[in-house]
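Reviewing the structure listed below.
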Amino acid sequence: MFPAENLRDWRGEKVIDQDGDKIGELEAVYVDTATDEPAFATVRVGFIGRHRLVFVPLGGATVRPDAVRVRYDKKLVGDAPTIEVDGELTAADEPGVFAHYNLPYQTGMAGERRLARR
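Start counting the sequence shown at 2; every next residue gets the next number (our numbering).
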């Protein structure tokens with residue numbers, strides 16, 4: 002996997018699915034607080050005046066010269082939990098992001114958050 006610092010350089014670039022269909026533009030990277038590795042990205046989707054941010058896992062993602070390719074289908078990503086463009090992911094909503102992609106979710110013993118925006 003590529004370092005979070007490098008992936009942040011891709012902010013504003015295209016995010017595509019496995020078939021090359023454009024999902025949206027990379028907005029931010031969320032790291033796993035246990036490992037400090039990139040775990041999810043928020044992708045800006047929608048139309049002018051009606052943008053929202055959807056979450057997509059970065060596991061298995063690859064960087065191409067013109068885009069970041071994720072291993073999830075555009076439809077699945079489009080149905081993922083969202084936040085407003087100026088919003089933030091709440092601790093209560095975090096498990097739903099993982100559940101949408103059938104990914105395991107567990108916090109540390111103190112119940113701290115699993116994702117942090119970088």
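A virtual CB, placed ideally from N, CA and C, is assigned to each residue, including glycine.
Looking only at D22, E28, L59, I17, the smallest Cα-Cα distance to W11 is reached by E28. Taking C-beta separations shorter than 8 Å and ignoring five residues to either side along the sequence, the partners of H52 in its chain run R45, V46, V86, following chain order.
For G25, the three-state secondary structure derived from DSSP is strand. Partner residues in a beta bridge of V71, as assigned by DSSP, do not exist. Taken through DSSP and simplified to helix, strand or coil, A42 comes out as strand.
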